[in-house]
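Number 121 in our numbering belongs to position 113 of the sequence shown; there are no gaps in the numbering. All C-beta atoms, glycine included, are put in the ideal place defined by N, C-alpha and C.
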Amino acid sequence: MRTDLDIIQQWITPESRVLDLACGDGTLLKNLKQHKQVEGYGLEIDPDKITHAIANGINVVETNLNKGLSQFPDNSFDVVVMTQALQVMRYPHLVLEEMLRIGKKCIVTFPNFGNWRARTSLFIHGRMPVTKQLTYQWYDTPNIHFCTVNDFEALCDEKKIRLIHKEFVAERIPDKHIKGIWPNLFSDTAVYLLSK
Numbered sequence: 009m010r011t012d013l014d015i016i017q018q019w020i021t022p023e024s025r026v027l028d029l030a031c032g033d034g035t036l037l038k039n040l041k042q043h044k045q046v047e048g049y050g051l052e053i054d055p056d057k058i059t060h061a062i063a064n065g066i067n068v069v070e071t072n073l074n075k076g077l078s079q080f081p082d083n084s085f086d087v088v089v090m091t092q093a094l095q096v097m098r099y100p101h102l103v104l105e106e107m108l109r110i111g112k113k114c115i116v117t118f119p120n121f122g123n124w125r126a127r128t129s130l131f132i133h134g135r136m137p138v139t140k141q142l143t144y145q146w147y148d149t150p151n152i153h154f155c156t157v158n159d160f161e162a163l164c165d166e167k168k169i170r171l172i173h174k175e176f177v178a179e180r181i182p183d184k185h186i187k188g189i190w191p192n193l194f195s196d197t198a199v200y201l202l203s204k
């Protein structure tokens, strides 16, 4: 399982009600159901991923998240999760607000565009970076809102979103202290636990 998903699994309390936005094939929810006995639901737009999620035993509904989450009342879930999808949302700030409306807490992960490899690629080669986390070319990417760790924290500050916990994944940098000192420069992926 991906490192960010392992971190999320550690943060989820057993028997929580969890909604996974852009749940993909349901890998995270499947693991949470097995190891944390959560009551989990997924939302996904891709029919092929929905088929895989259902095969994984996940309750999943086809939904376009850009149209909002109005079908859910306030505080419907203990935790609302979105992994590696915030950057593909048309209005990420509105999605975050909706996540915190329907969930007591939310967990978000995203690729850090401020990573040194992305910066180096842009600076030296003059081209948009293609990395393990940012695998598409500029012309075919679903990612429409690249952000950095600093950008995301500024958004949370502006929207009065509380940062409960954060961790950073840097596959090539094993020293946690370096990632903690300069996460905007060294982390590949950011993982945040948030509340109102």
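- In the three-state reduction of the DSSP assignment, Arg170 falls in the strand class.
- Leaving aside the five residues that flank Asn123 on each side, the residues in its chain whose CB is nearer than 6 angstroms to its CB run, in chain order, Asp196.
- For the set Asp33, Pro55 and Ile20, the Cα lying nearest the Cα of Leu40 is the one of Ile20.
- For secondary structure counted as the alpha helix (DSSP H) over 4 or more consecutive residues, the region 97-127 holds these complete runs in sequence order: 100-110.
- Taking the Cα positions, Ser129 is about 6 angstroms away from Arg135.
- Here Ile110 is buried: its Cβ has 16 or more other Cβ atoms, across all protein chains shown, within 10 Å.
- In this chain, the beta strand (DSSP E) harbouring Leu201 covers Thr197 to Ser203.
- About 17 angstroms separates the beta carbon of Val89 from that of Ile58, a gap too long to meet the 8 angstroms contact definition.
- Separation of Val199 and Arg10 (C-alpha to C-alpha, rounded to the nearest whole angstrom) is 12 angstroms.
- Boundaries of the beta strand (DSSP E) around Asn67: Asn67 to Glu70.
- With contact defined as three or more Cβ pairs closer than 8 angstroms, the region 28-38 and the region 61-78 are in contact.
- Here DSSP, grouped into helix, strand and coil, assigns Phe154 to coil.
- For Phe85, no alpha helix (DSSP H) run applies; the uninterrupted beta strand (DSSP E) run containing it begins and ends at Phe85 to Thr91, by DSSP.
- The secondary-structure analysis by DSSP pairs Phe176 across a beta bridge with Ala198.
- In this structure, Lys204 lies away from His101, with their beta-carbon atoms at least 9 angstroms apart.
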